[in-house]
DNA sequence: CGATGCCGTCAAGAAAGCGTCAAAGGTGAC
DNA sequence: GTCACCTTTGACGCTTTCTTGACGGCATCG
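Protein chains in written order, with the UniProt record's numbering: chain W, 1 to 224; chain R, 1 to 224.
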């Protein structure tokens, strides 16, 4: 079932969306503000996010950026403001669509279908093989010999950046920026620490990695 | 370069779109009606289609269906009609976005960016051939006869400067500045050392280089 | 014809980066 | 409040890389 997260501070709208989406076969969760929305997204791992920009606690683009840090799920923005500058800012921050209130519920559902159609039935199984382990980035599941392997949030972020650039070298500065934030430039010991943990959990012989490779002085690379 | 196909029967709009898209770095083709639009799509294989629904010869959903038969490129629909039923029909036929006229050109460009962002980063990085070796600067990979060749960070920087100026002579001072920093002016022994290593790793006959050439007293040159 | 740069090569010591272990904060769950 | 888990630090061998020096060959030029 397709999971949708609705982030909206107006109870009527959130309720209306929940009812309509549920009636059309979606699994719906809701959150009333940006912080709880981000936490819910981390917990639920939704396939699509409907995000109201008029949240009380955070700026809309911040929420989008927070989501885009570790999720590629489509983001459909709702907003009362119709100004083009608002739309452009939201879209360039990482949103996929922008609908101004008041909106037609049928049109919104159609846009939800269009957004999920792209990422949903894309015949590509989002499962990546790393040696004897398999990683499903969308479902956030790692299996190894039938058993499930648990990864911490930081390990997921780091692994996702590497897996989304198969074969390509990712510089250590870029890794630090994308996982820890723009203020981290020289904390390469973080990378050493978490790369070692990932190798322990994924590689067949962690001391001699075959898929999670180190390029000394530059960064790391995932080789399929 | 990202290829965009504009299908619109109104010359002013088609022209305005062409100008704006071209100015933002897209490669634009245009078609005045549905039949020619489908033919143009087959010919240029665009990465994104901007489709006006008010075409003289075909219904909009027919054009969308014709495209979706073989292409997964995002379709951005333009229309004068704001009725929800129209939007729902177009989106469910396979369109990715729907913008009603009159539209803000900046917003349209933002929606184009959002649409291409999704399908965009699946691309191939450019590779440069050096004799029997191939260099991928973006992925930081060197292959030679199937096997991977490892370069150190300094070797990469030096090679990158040369490869980004194909055929051009790069002075020794400039090389030293760009690889080691502005304080290095006279350490030409560094260049000798690392050029020799690059030739050993890349050239077929390191003693007689064909692509990484020395210009005595001046600098070095990469000949493709 | 000898002298003088300049380049290519080889061989060390110096320095930096990596993997690993261990342990101290923080945070949420119960 | 306690506990468990995750994150953040610190420190230490070890390997790789960078830096530095020295030597011979080759061409140019006086």
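Backbone N, C-alpha and C fix where the C-beta goes; we use that ideal spot for every residue, glycine too.
Let me check one thing: in DSSP terms, what residues is residue i bridge-paired to?
i: residue 143(R); result: 134(R), 148(R)
i: residue 221(R); result: 169(R), 213(R)
i: residue 97(R); result: 76(R)
i: residue 159(W); result: Residue 159(W) pairs with nothing; no bridge assigned.
i: residue 5(R); result: 29(R), 49(R)
Helix, strand or coil: how does DSSP classify residue i here?
i: residue 123(W); result: In this prediction, residue 123(W) scores a pLDDT of 46, lower than 50, which makes its location untrustworthy; the coordinate-derived value is nonetheless stated afterwards. Reduced to three states, the DSSP call for residue 123(W) is coil.
i: residue 53(W); result: coil
i: residue 204(W); result: coil
i: residue 35(W); result: helix
i: residue 12(R); result: helix
i: residue 27(W); result: strand
i: residue 233(W); result: Limits of chain W in this structure are 1 at one end and 224 at the other, which puts residue 233(W) out of reach.
i: residue 182(R); result: coil
i: residue 102(W); result: coil
i: residue 187(R); result: coil
i: residue 114(W); result: helix
i: residue 58(W); result: coil
i: residue 71(R); result: coil
i: residue 18(W); result: helix
i: residue 83(W); result: coil
i: residue 199(W); result: helix
i: residue 164(R); result: coil
i: residue 43(W); result: helix
Can you pull the chain R neighbours of residue i, defined as C-beta to C-beta under 7 Å?
i: residue 88(W); result: 106, 107, 110
i: residue 159(W); result: Here the premise fails: no neighbours, minimum Cβ distance about 18 Å.
Closer than 7 Å to a non-hydrogen atom of the ligand PLP - does that hold for the CB of residue i?
i: residue 186(R); result: In terms of ligand content, the structure shown is empty, and the ligand PLP therefore cannot be addressed.
Name, please, each residue of chain W whose Cβ falls closer than 8 Å to the Cβ of residue i.
i: residue 65(R); result: Ordered by position in chain W, no residue passes the 8 Å Cβ test against residue 65(R), which lies about 14 Å from the chain.
i: residue 152(R); result: 216, 217
Which bits of chain R does residue i rub up against, with CB to CB less than 9 Å?
i: residue 101(W); result: Residues of chain R passing the Cβ test: none, with the nearest at roughly 14 Å.
i: residue 118(W); result: 72, 74, 96, 118, 119
Against residue i, what residues of chain R qualify as contacts under a CB-to-CB distance less than 8 Å, listed in chain order?
i: residue 167(W); result: 139, 141
Could you list which residues in chain W have their beta carbon closer than 7 Å to that of residue i, in chain order?
i: residue 92(R); result: 110, 113
Handout entry: Inter-stretch contact at 8 Å, needing at least 3 Cβ pairs: the region 93-101 of chain R / the region 175-193 of chain W
Key = no
Practice task
Report the residues of the region 36-47 of chain R with a CB closer than 9 Å to any CB of chain W, ordered along the chain.
Solution key: none
Handout entry: Contacting positions in the region 67-84 of chain W - beta carbon closer than 7 Å to chain R
Key = 84
Exercise for the section: Assess, as a yes-or-no matter, whether the region 154-168 of chain R is touched by the region 108-120 of chain R under the definition of 3 or more beta carbon pairs within less than 8 Å. Expected result: no
Handout entry: Contact the region 71-84 of chain R vs the region 43-54 of chain W: 3+ CB pairs below 8 Å
Key = no
Problem - Segment contact, 8 Å Cβ cut-off, at least three pairs: the region 7-23 of chain R with the region 203-223 of chain W - result: no
Practice task
Give a yes or no on contact between the region 59-70 of chain R and the region 86-98 of chain R, applying the rule of three or more CB pairs nearer than 8 Å.
Solution key: yes
Practice task
Would you check if the region 193-204 of chain R and the region 128-141 of chain R touch, i.e. whether three or more CB-CB distances between them fall below 8 Å?
Solution key: yes
Handout entry: Three CB pairs or more closer than 8 Å across the region 14-28 of chain R and the region 213-222 of chain W
Key = no
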